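Numbering (this note's numbering), first residue to last: 28 to 126. Even for Gly, the Cβ is constructed at its ideal location relative to N, Cα and C. Remember, predicted model here, so these are calculated numbers, not experimental data. Report on the following structure.
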């Protein structure tokens, strides 16, 4: 696998002291996405992401695991007006359960 140029940028945001925000989004097919974001340059960037498929299998993405054959950490700013803000504990519970 080649070196992903996003890795140092995502890692820098993830390791920053910037405030964290937590989001949820679902579709009508039973899939869900949870994000931990950091604001940078006026936009929210995902630093951790969990995708839960219709099969109920969860996949985690972050700077140490940016992508695999099933998905990837979003490489675009989050459109937070399309998301629902959730408590950090809710995100963490899903993140830990998907390990």
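Check                                                                                                  : Outcome
Whole runs of the beta strand (DSSP E) within the region 56-125, excluding any shorter than 3 residues : 59-67, 70-79, 85-89
Status (buried if at least 16 other CB within 10 Å, exposed otherwise) for residue 39                  : exposed
Contact under 8 Å by Cβ, residue 36 with residue 118                                                   : no
Inter-residue Cα distance where the pair is residue 42 and residue 97                                  : 26 Å
Inter-residue Cα distance where the pair is residue 84 and residue 120                                 : 15 Å
Three-state secondary structure (DSSP) of residue 45                                                   : coil
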